[in-house]
Amino acid sequence: MASLMVDFIISLDGYAAADGWPGFWGMEGPEYLAWLDGDAEKQHTSLMGATTYRLMSGFAREMPDDPGFEGITAMSKVVFSSTLRTPLSWDNTELVQGDPVPAVRDMKRHGTRPLRTLGSLTLCRSLLRAGLVDRFRVVVFPVITGATGRERIFDQYPDVTLDLVASRTFDGRLQLLEYVPTVLDGPPGADQK
Numbered sequence: 244m245a246s247l248m249v250d251f252i253i254s255l256d257g258y259a260a261a262d263g264w265p266g267f268w269g270m271e272g273p274e275y276l277a278w279l280d281g282d283a284e285k286q287h288t289s290l291m292g293a294t295t296y297r298l299m300s301g302f303a304r305e306m307p308d309d310p311g312f313e314g315i316t317a318m319s320k321v322v323f324s325s326t327l328r329t330p331l332s333w334d335n336t337e338l339v340q341g342d343p344v345p346a347v348r349d350m351k352r353h354g355t356r357p358l359r360t361l362g363s364l365t366l367c368r369s370l371l372r373a374g375l376v377d378r379f380r381v382v383v384f385p386v387i388t389g390a391t392g393r394e395r396i397f398d399q400y401p402d403v404t405l406d407l408v409a410s411r412t413f414d415g416r417l418q419l420l421e422y423v424p425t426v427l428d429g430p431p432g433a434d435q436k
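Every number in my numbering is 243 more than the matching position in the sequence shown, counting from 1.
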């Protein structure tokens, strides 16, 4: 059975990106970049929605010789969309046009290769709500982008408790936090009387 990890990079105040800031908020360091390029980080299938697909495939097309995009292009990818049509232009990408929840449930049940999300806030939210997420990992960048931040990651999420199973510091400033999530049906303790 395959496992599923939701994987985000975030600002300290929970944004996925910020207007006017460079990628990784300009804070990616050599230790973090080496970890991203590591072989163990690429032995999975990436899951994404149409918006992330359009963005990332565009970057890959514009920078075909960039080592980071070479690796993503070579890996197995599945995009969930009702608007995209085959054939997709990005190598090693399969299109699923139906509901992602049953499709991912089937991928987990019948696959052996780990699954990881790439961006795709709506997709991640629906997979978490459905109880399909085995691990929830964030790399926290030490910036607060309250004025320029966009794409708040946790808006519209259900209530979730998180058990910390791994942590690491990169370049003396970036924090990796990996959790096992438990989606709550209601407020903690609501069913206890």
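Cβ coordinates follow ideal geometry from the N, Cα and C atoms, glycine included.
For this session: Keeping to the same chain, check which residues put their C-beta closer than 8 angstroms to that of Q286; ignore five residues upstream and five downstream.
Result: Only R356 and P357 meet the Cβ criterion.
For this session: Below 8 angstroms on the Cβ atoms is my guess for L405 versus P385; work out the distance and round it to an integer in Å.
Result: Between P385 and L405 the Cβ distance is about 20 angstroms, and since that is not below 8 angstroms, they are no contact.
Problem set entry | Reference D402; option with closest CA among M306, L279 and S369 | Of M306, L279 and S369, the residue nearest in Cα terms is S369.
For this session: Entirely within the segment 267-316 and at least 4 residues each: give me those alpha helix (DSSP H) ranges in chain order.
Result: Listed in chain order, the alpha helix (DSSP H) runs fully inside the segment 267-316 are 273-280 and 293-305, counting runs of at least 4 residues.
Exercise. Where does T355 sit, in a helix, a strand or coil, going by DSSP?
Worked result: Three-state DSSP puts T355 in coil, outside helix and strand.
For this session: Answer with buried or exposed for T329, where buried requires no fewer than 16 other C-beta atoms within 10 angstroms of its C-beta.
Result: Classification for T329: exposed.
For this session: Spatial neighbours of E337 within its chain, please: CB distance less than 6 angstroms, with the 5 preceding and 5 following residues excluded, ordered by chain position.
Result: Only V321 meet the Cβ criterion.
Exercise. Between the C-alpha atoms of L290 and D250, what's the straight-line distance to the nearest angstrom?
Worked result: Roughly 10 angstroms separates the two Cα atoms.
For this session: Taking the CB atoms as reference points, tell me whether G374 and F323 lie closer together than 8 angstroms.
Result: Taking 8 angstroms as the Cβ cut-off, G374 and F323 do not qualify as a contacting pair.
For this session: Please report how far the alpha carbon of L255 lies from the alpha carbon of G362, in whole angstroms.
Result: Each residue's alpha carbon lies about 17 angstroms from the other.
Problem set entry | Alpha-carbon to alpha-carbon, A317 and R304 | The alpha-carbon atoms of R304 and A317 are separated by roughly 13 angstroms.
Problem set entry | Beta-carbon contacts of K436 that lie in its chain and below 7 angstroms, excluding the five residues immediately before and after | Residue placement at K436 is flagged as unreliable, the pLDDT there being 45, under the threshold of 50; the coordinate-derived value follows with that caveat. Counting only Cβ-Cβ distances below 7 angstroms, and skipping sequence neighbours, we find nothing.
Problem set entry | Residues near T391 in its chain [Cβ-Cβ closer than 7 angstroms; skip 5 each side] | Contacts found: A261, D262, G263 and W264.
Exercise. DSSP three-state call for A260: helix, strand or coil?
Worked result: DSSP, reduced to helix, strand and coil, places A260 within a strand of the structure shown.
For this session: Identify whether Q435 lies in helix, strand or coil by the three-state DSSP scheme.
Result: In this predicted model, Q435 has a pLDDT of only 49, less than 50, meaning its place in the structure is not dependable; the value taken from the coordinates is given anyway. The answer is coil: DSSP assigns Q435 none of H, G, I, E or B.
Exercise. With respect to the beta strand (DSSP E) encompassing S246, which residues constitute its N-terminal and C-terminal limits?
Worked result: It is not in any beta strand (DSSP E) - S246 carries neither H nor E in the DSSP assignment.
Problem set entry | Pair within 8 angstroms by beta-carbon distance, V383 and L420 | Result yes, Cβ atoms of V383 and L420 sit closer than 8 angstroms.
Problem set entry | Among A277, L366, G314 and Y275, nearest to G341 - alpha-carbon criterion | With distances taken between Cα atoms, G341 lies closest to L366.
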